[in-house]
Amino acid sequence: MRKLWAVILLFFCGCAYTQQVQDLSLRLSSVEGQLQAQEKRLSRLEARQRDLNRRLSELEKRLSALEKETGALSQRRADLLAEIQKTQAEIARLNGLLEELSYQQRQDQEAFSEFQGEVLKRLAALEKGKKVSTPPSPSGKASRPGQEELYRQGLAALKQKDYARARKLFRKYLELYPRGKYAPNAYFWIGETYYAQRRYEEAILEYQKVVDHYPKHYKVPAALLKQALSFLHLGDNEAARILFRKIVKEYPRSEQAPVARKYLKRLGR
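Note that the sequence shown covers residues 1 to 269 in UniProt numbering.
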């Protein structure tokens, strides 16, 4: 009897064990299926990631190429702009030099015309038996030169670019004939001697004497223009601009007005 119960007990135990094994097998199969599904999903994600990485690499290469092209274009544009600005500055400098030389040529022509006029007057006086210079005084002192002769000598020295002698002669003229008919011109030519020597501050002061003492004289626009040009040489563009505007406003029909307008345009008004 005891053996029978043992057999029965073993039978039921075996049945329970078999059921457990089957359950475990089913669960294992399920887990394996889930793992296989996850592996497939993971494989697809890895493939997607590789594709995205490849596309990202291609985009980075394209971006790098575009940056290089953009950088090259920017550099080329900057170089061209710098070249254009350099060319414009050179053109402006040459135009200014041309205008200044043209104006100086007119001034030289004017000085020559004055000199020529004085020579003709002297020749006419000699033909009539007149003396231009004052005869020697009885005391034996040096004769006082006539204002025509003294002024003519100053112009001759200026024409020869002997600026120191020209200044000395014009100052002598102003000392002897402070109200002489050539006094405004003498101040102007003294300013020109300083301007020619690039002594612009002193030139400005001499030109100002023409403006202050002889405001109605025809040399005033020329004096104002040379003052403006002197300020440009000194780097004071604002002072130059003010003088150019004054010329255009107060002397619109003078020969200096077109020159002043050109400089104002260049300076941006």
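Ideal placement from N, C-alpha and C gives every residue a C-beta, glycine not left out.
{"Item": "Apply the 10 Å Cβ neighbour rule to Arg44 and answer buried if 16 or more other Cβ atoms are within range, or exposed otherwise.", "Value": "exposed"}
{"Item": "Measure the beta-carbon distance from Leu176 to Arg144 and round it to whole angstroms, keeping in mind my assumption that it falls under 8 angstroms.", "Value": "7 angstroms"}
{"Item": "According to the neighbour-count rule (16 or more other Cβ atoms, all chains shown, within 10 Å of its Cβ), is Arg198 buried or exposed?", "Value": "exposed"}
{"Item": "To the nearest whole angstrom, what separates the beta carbons of Glu206 and Tyr187, a pair I think is in contact under 8 angstroms?", "Value": "6 angstroms"}
{"Item": "For Lys168, which residues in the same chain have their Cβ closer than 6 angstroms to its Cβ, ignoring the five residues on either side in sequence?", "Value": "none"}
{"Item": "Alpha carbon to alpha carbon, how far is Lys262 from Glu58?", "Value": "57 angstroms"}
{"Item": "Pro221 and Ser254: beta carbons closer than 8 angstroms?", "Value": "yes"}
{"Item": "Within its chain, find whatever has a CB closer than 8 angstroms to the CB of Ala196; leave out the 5 residues flanking it on each side and keep chain order.", "Value": "Lys161, Tyr163"}
{"Item": "Leaving aside the five residues before and after Thr268 along the sequence, list all residues of the same chain whose C-beta is less than 7 angstroms from its C-beta, in chain order.", "Value": "According to the sequence displayed, residue 268 carries Gly and not Thr. Once the five neighbours on either side are set aside, Gly268 has no close Cβ partner at all."}
{"Item": "Do the CB positions of Gln256 and Leu243 come within less than 8 angstroms of each other?", "Value": "no"}
{"Item": "Taking DSSP as the reference, what is the three-state secondary structure of Ser254?", "Value": "coil"}
{"Item": "To the nearest angstrom, how far is it from the Cα of Ala72 to the Cα of Gln49?", "Value": "34 angstroms"}
{"Item": "How would you call Pro252, buried or exposed, if buried means at least 16 neighbouring beta carbons within 10 angstroms?", "Value": "exposed"}
{"Item": "Just how far apart, CA to CA, sit Gly180 and Tyr200?", "Value": "26 angstroms"}
{"Item": "Which of helix, strand or coil does DSSP assign to His233?", "Value": "helix"}
{"Item": "Does Asp162 come out as helix, strand or coil in the three-state DSSP assignment?", "Value": "coil"}
{"Item": "Assign Thr18 to buried or exposed, taking buried as 16 or more other Cβ atoms, counted over all protein chains shown, within 10 Å of its Cβ.", "Value": "exposed"}
{"Item": "Report yes if the C-beta distance between Val248 and Leu264 is below 8 angstroms; otherwise report no.", "Value": "yes"}
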